[in-house]
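Below: one structure, written as structure tokens.
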Amino acid sequence: GAVVSQHPSRVICKSGTSVKIECRSLDFQATTMFWYRQFPKQSLMLMATSNEGSKATYEQGVEKDKFLINHASLTLSTLTVTSAHPEDSSFYICSQFMAGSAYNEQFFGPGTRLTVL
Amino acid sequence: GDSVTQMEGPVTLSEEAFLTINCTYTATGYPSLFWYVQYPGEGLQLLLKATKADDKGSNKGFEATYRKETTSFHLEKGSVQVSDSAVYFCALWDTGANSKLTFGKGITLSVRP
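Chain order of the listed sequences is A and B.
Just so it is clear: in the first sequence, position 3 is 6 by the numbering used here, and no numbers are missing.
Just so it is clear: in the second sequence, position 44 is 217 by the numbering used here, and no numbers are missing.
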């Protein structure tokens, strides 16, 4: 299957700082990317969907100004958690949708563990 | 709205034991159903899928049948291996203007030698 990488895999930051998480597709071009958030022992919750070159579509309850998503190219999407607070501590996972594949073919990154002190 | 319910975990089995992980769903439309697996340190991988009633998805010895009458998609394997130790997620993709994957909570499977 296709390979999706995330960087960093783990980050610890102080409250009030901003953190950027990168999601890269290593061997295909992704027209659509998804960002999920996962709390311990909870399911993955979709945060937003982005298409290359356009603004992200955020799910209800997700703050657009808090979680900035940039999908600048077909191989890179970034999620920036602005002014992070302890309640933002979570596991963030991206997935990418391969152009030309079946509508339900998503490839997931390994996730980024964010801890805000 | 759509939802997926998985049995509570974790599950610990001995090698070669029979595995069943229950999954039920609610959906407004006619969803496609999936099982994803996440091995330690890796991203979620599609294990198998079924797109219509009575379809059976299968891969790596795992099977799941789309049961519309019971709104279920239980995952089974006849003989588990240590290498099957992972987190398993049931998910659905409902058709419609706002299609997206809806996941269950996931269940951790540990297989001991």
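In this text, a Cβ means the ideal position worked out from N, Cα and C, and glycines have one as well.
{"Item": "Close Cβ partners of Q109/A (< 6 Å) along its chain, the five nearest in sequence each way excluded", "Value": "S98 and F100"}
{"Item": "Contacts around P286/B, its chain only, beta-carbon distance under 6 Å, and the 5 residues preceding and following it disregarded", "Value": "E188 and V255"}
{"Item": "Within 8 Å, strictly: CB atoms of L186/B and V284/B", "Value": "yes"}
{"Item": "Contact check, P11/A vs G214/B, beta carbons under 8 Å", "Value": "no"}
{"Item": "Contact set for S205/B: own chain, Cβ-Cβ below 6 Å, skip 5 residues either direction", "Value": "T224 and W266"}
{"Item": "DSSP-derived helix/strand/coil call for V255/B", "Value": "helix"}
{"Item": "Whole-angstrom distance between L120/A and M48/A, CA atom to CA atom", "Value": "23 Å"}
{"Item": "Rounded C-alpha distance that separates L71/A from V6/A", "Value": "24 Å"}
{"Item": "Range of the contiguous beta strand (DSSP E) that encloses T201/B", "Value": "Element bounds for T201/B: n/a, residue is neither H nor E."}
{"Item": "Those residues which DSSP pairs with Y261/B across a bridge", "Value": "V210/B and I280/B"}
{"Item": "Within 9 Å of chain A by C-beta, residues of the region 274-285 of chain B in sequence order", "Value": "L274, T275, F276, G277, K278 and G279"}
{"Item": "Members of the region 58-74 of chain A near chain B, C-beta cut-off 7 Å", "Value": "none"}
{"Item": "Nonlocal neighbours in the same chain, by C-beta distance under 6 Å from H74/A, ignoring five residues either side", "Value": "M36, S53, E55 and S80"}
{"Item": "Partner residues on chain B for P43/A, Cβ-Cβ distance less than 8 Å", "Value": "Those within 8 Å of P43/A in chain B number zero; the least Cβ separation is about 10 Å."}
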